[in-house]
Amino acid sequence: MRQAATVTIQAIRDRGTRLFCLGELPEPALTPELALSYLDELSTDIRAAVLLDEAGAAVAHKGAAPAKRLGALALELFARAERAAGEPVPQLEVSTGAAAVYGVREGGWTLVVVTGRFALSSVMFYDLRSVLSDLGRRAA
Amino acid sequence: VKERRGPVRRVTGLAGTVSDALRRRQQRREPRIVLYDGAGHARVLALDAPGAADLLATAGRLVALAAEDPEAPPGRRAE
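Residue numbers (the working numbering), protein chains in the order written: chain A, 21 to 160; chain B, 9 to 87.
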């Protein structure tokens with residue numbers, strides 16, 4: 021004797037619809053532009069930001085400054101930091117006195133931001149790493 | 009037991025607080041370079057170390073670029 025469906029889930033089963041998704045769920049679509057917008061919302065201290073991919077191309081930026089010039093200076097900053105340290109530098113902080121520059125490299129991405137001088141480095145690095153960690157699932 | 013502070017100690021305590029605040033403010037205005045290695049260990053690069061001046065110069069150019077307002081008329085760039 022067949023039982024009548026009494027709840028929605030039983031009705032779905034009766035129609036032969038799978039209850040579980042057997043395939044992989046799609047990755048959240050965090051684009052580089054969205055990542056920088058998210059970062060911009062996290063911190064009001066950020067004056068400019070640039071995100072570079074593995075090839076060193078600026079894929080997103082925030083602020084009025086041209087992305088290409090920001091990107092070129094961001095790469096130069098890391099190159100000079102590595103020359104000064106004599107080893108790879110995945111993270112740096114340079115305070116000029118009037119403002120500060122923070123940079124993080126992870127998963128092929130390079131993210132550099134310019135902030136006011138009162139930005140807290142620990143909070144800034146946490147935000148930068150969070151964004152890069154979310155982006156890390158995408159190929160840089 | 010609450011320590012009773014005389015007027016002299018109160019004044020010196022206040023002066024110390026003000027001087028500490030000024031010192032912290034001054035420190036924030038001084039250039040500073042911190043580089044991290046792969047393990048996350050921080051290393052403060054001395055300002056007279058080789059490469060430090062170049063690094064500061066590049067950071068300064070980044071800061072200047074971020075402060076530029078392309079819509080501002082020439083000679084009136086925002087800070």
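Glycine is no exception: its CB is placed at the ideal position from the N, C-alpha and C atoms.
In summary, the residues of the region 91-102 of chain A whose CB is separated from some CB of chain B by less than 8 Å are 93, 94, 96, 97, 100, 101, in the order they occur in the chain. Here the alpha carbon of residue 34/A sits roughly 10 Å from the alpha carbon of residue 28/A.
The beta-carbon of residue 79/A is placed no less than 7 Å from the nearest beta-carbon of chain B.
Residue state for residue 21/B is assigned as helix, using DSSP reduced to three classes. DSSP places residue 140/A in the coil class of the three-state scheme, outside both helix and strand. Close CB contacts of residue 90/A within its chain, under the 7 Å cut and outside five residues either way in sequence, are with 68, 70, 78, 81 (chain order). Neighbours of residue 108/A across chain B, judged by C-beta separation under 9 Å: 45, 46.
Taking 7 Å as the threshold, the shortest C-beta distance from residue 116/A to chain B falls below it. Listed in chain order, the positions of the region 50-66 of chain B with a beta carbon within less than 9 Å of a beta carbon of chain A are 50, 51, 53, 57, 58, 59, 60, 62, 63, 64, 65, 66. Within chain A, the residues 93 have their CB atoms less than 8 Å from the CB of residue 69/B, given in chain order. Residue range 111-115 is occupied by the beta strand (DSSP E) that includes residue 115/A.
Taking the CA atoms as reference points, residue 74/A sits about 47 Å from residue 27/B. Residue-level contact check: residue 30/B does not touch chain A, since none of the beta carbons of chain A fall below 7 Å from its beta carbon.
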